[in-house]
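K.L.:
Residue numbers (our numbering): 2 to 128.
1. Mapping DSSP to helix, strand and coil, what is residue 73?
2. Could you have a look at residue 16 and say whether DSSP puts it in helix, strand or coil?
3. If you draw a straight line from the alpha carbon of residue 90 to that of residue 97, how long is it in whole angstroms?
4. What separation, rounded to the nearest whole angstrom, lies between the Cα atoms of residue 92 and residue 51?
5. Can you round the beta-carbon distance between residue 6 and residue 48 to whole angstroms, since I take them to be within the 8 Å contact cut?
6. The alpha helix (DSSP H) that contains residue 82, what's its start and end?
7. Do you know offhand how far residue 88's Cα is from residue 54's?
8. Hey, out of 13, 9 and 14, whose CA is closest to residue 29's CA?
9. Thinking C-beta only, is residue 68 closer than 8 Å to residue 95?
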(Lines of atoms letter the chains of each structure in order from A and count residues from 1; the text may use other names and numbers.)
(Lines give C-alpha, C1' and ligand atoms only; values in the text may rest on other atoms or scores of the structure.)
Protein backbone atom coordinates (compact mmCIF):
# COMPACT_ATOMS: atom_id res chain seq x y z
CA UNK A 1 0.00 0.00 0.00
CA UNK A 2 1.33 3.41 -0.88
CA UNK A 3 1.64 5.98 1.84
CA UNK A 4 0.08 9.41 2.10
CA UNK A 5 2.38 10.36 4.99
CA UNK A 6 4.93 13.05 4.41
CA UNK A 7 7.75 13.81 6.82
CA UNK A 8 8.43 17.51 7.34
CA UNK A 9 11.79 18.66 8.64
CA UNK A 10 11.29 22.26 9.68
CA UNK A 11 13.23 23.43 12.72
CA UNK A 12 11.24 26.67 12.92
CA UNK A 13 7.82 25.12 12.14
CA UNK A 14 6.65 28.04 9.97
CA UNK A 15 6.59 26.14 6.71
CA UNK A 16 5.23 23.00 8.39
CA UNK A 17 2.23 24.97 9.63
CA UNK A 18 1.67 26.36 6.14
CA UNK A 19 1.75 22.84 4.66
CA UNK A 20 -0.71 21.51 7.20
CA UNK A 21 -3.07 24.44 6.63
CA UNK A 22 -2.99 24.27 2.82
CA UNK A 23 -2.66 20.54 2.20
CA UNK A 24 -3.62 18.84 5.45
CA UNK A 25 -6.87 17.47 3.98
CA UNK A 26 -4.95 15.56 1.31
CA UNK A 27 -1.88 14.38 3.17
CA UNK A 28 -0.85 13.29 6.62
CA UNK A 29 2.10 15.49 7.59
CA UNK A 30 4.39 14.26 10.34
CA UNK A 31 6.47 17.06 11.77
CA UNK A 32 9.92 15.87 12.78
CA UNK A 33 10.51 16.20 16.48
CA UNK A 34 14.06 16.79 17.67
CA UNK A 35 13.83 14.17 20.42
CA UNK A 36 12.58 11.50 17.96
CA UNK A 37 14.77 12.50 15.03
CA UNK A 38 16.87 9.31 14.82
CA UNK A 39 13.81 7.09 15.22
CA UNK A 40 11.96 8.84 12.39
CA UNK A 41 15.07 8.91 10.18
CA UNK A 42 15.29 5.11 10.51
CA UNK A 43 11.64 4.62 9.49
CA UNK A 44 11.57 7.19 6.72
CA UNK A 45 11.73 4.77 3.75
CA UNK A 46 9.01 2.54 5.13
CA UNK A 47 6.58 5.05 6.59
CA UNK A 48 6.78 8.11 4.36
CA UNK A 49 6.08 8.93 0.73
CA UNK A 50 8.66 11.72 0.61
CA UNK A 51 10.23 14.40 2.79
CA UNK A 52 9.84 18.17 2.86
CA UNK A 53 13.13 19.49 4.16
CA UNK A 54 13.20 23.19 5.03
CA UNK A 55 16.77 24.40 4.81
CA UNK A 56 17.42 27.48 6.95
CA UNK A 57 21.16 27.34 7.57
CA UNK A 58 24.28 25.25 7.22
CA UNK A 59 23.38 23.68 10.57
CA UNK A 60 20.67 21.72 8.73
CA UNK A 61 23.15 20.08 6.36
CA UNK A 62 24.01 17.18 8.68
CA UNK A 63 20.36 16.19 9.07
CA UNK A 64 19.83 16.56 5.33
CA UNK A 65 22.66 14.12 4.63
CA UNK A 66 21.19 11.59 7.06
CA UNK A 67 17.93 11.69 5.10
CA UNK A 68 19.54 11.85 1.67
CA UNK A 69 21.32 8.52 2.11
CA UNK A 70 17.95 6.87 2.84
CA UNK A 71 17.09 7.06 -0.87
CA UNK A 72 13.70 8.68 -0.39
CA UNK A 73 12.60 11.67 -2.48
CA UNK A 74 13.26 14.99 -0.75
CA UNK A 75 11.79 18.38 -1.53
CA UNK A 76 14.24 20.99 -0.27
CA UNK A 77 12.47 24.24 0.54
CA UNK A 78 14.55 27.35 1.06
CA UNK A 79 14.62 31.05 0.36
CA UNK A 80 18.34 30.80 -0.42
CA UNK A 81 18.74 30.53 -4.20
CA UNK A 82 22.34 29.29 -3.93
CA UNK A 83 21.26 26.40 -1.71
CA UNK A 84 18.48 25.53 -4.14
CA UNK A 85 20.89 25.56 -7.10
CA UNK A 86 23.29 23.19 -5.33
CA UNK A 87 20.56 20.87 -4.08
CA UNK A 88 18.91 20.64 -7.50
CA UNK A 89 22.02 18.84 -8.80
CA UNK A 90 21.42 15.89 -6.45
CA UNK A 91 19.51 12.78 -7.48
CA UNK A 92 16.02 12.37 -6.05
CA UNK A 93 16.03 15.95 -4.70
CA UNK A 94 13.52 18.55 -5.83
CA UNK A 95 13.71 22.22 -4.90
CA UNK A 96 11.12 24.74 -3.84
CA UNK A 97 11.72 28.48 -3.57
CA UNK A 98 9.89 29.73 -0.48
CA UNK A 99 10.79 33.37 -0.99
CA UNK A 100 7.74 33.70 -3.26
CA UNK A 101 4.23 34.78 -2.25
CA UNK A 102 2.21 32.15 -0.39
CA UNK A 103 -0.21 31.51 -3.24
CA UNK A 104 2.72 30.98 -5.65
CA UNK A 105 4.36 28.60 -3.18
CA UNK A 106 1.09 26.67 -2.84
CA UNK A 107 0.76 26.39 -6.63
CA UNK A 108 4.36 25.23 -6.96
CA UNK A 109 3.85 22.62 -4.23
CA UNK A 110 0.70 21.35 -5.88
CA UNK A 111 2.43 21.06 -9.28
CA UNK A 112 5.51 19.43 -7.80
CA UNK A 113 3.58 16.87 -5.77
CA UNK A 114 1.26 16.03 -8.64
CA UNK A 115 3.95 15.80 -11.32
CA UNK A 116 6.61 13.99 -9.30
CA UNK A 117 4.73 11.86 -6.79
CA UNK A 118 1.10 11.36 -7.74
CA UNK A 119 1.30 11.04 -11.51
CA UNK A 120 3.42 7.90 -11.32
CA UNK A 121 1.73 6.61 -8.16
CA UNK A 122 4.70 6.94 -5.79
CA UNK A 123 2.19 8.34 -3.30
CA UNK A 124 -1.47 7.87 -2.68
CA UNK A 125 -3.81 10.81 -2.20
CA UNK A 126 -7.14 12.33 -3.09
CA UNK A 127 -5.30 15.48 -4.20
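Ideal placement from N, C-alpha and C gives every residue a C-beta, glycine not left out.
Computed from a predicted model, the values in this text were never measured in an experiment.
P.N.:
Let's see:
1. The answer is coil: DSSP assigns residue 73 none of H, G, I, E or B.
2. Reduced to three states, the DSSP call for residue 16 is helix.
3. 13 Å
4. 14 Å
5. 6 Å between Cβ atoms; contact.
6. 82 to 88
7. 11 Å
8. Taking residue 29 as reference, the option from 13, 9 and 14 with the minimal CA-CA separation is 9.
9. no
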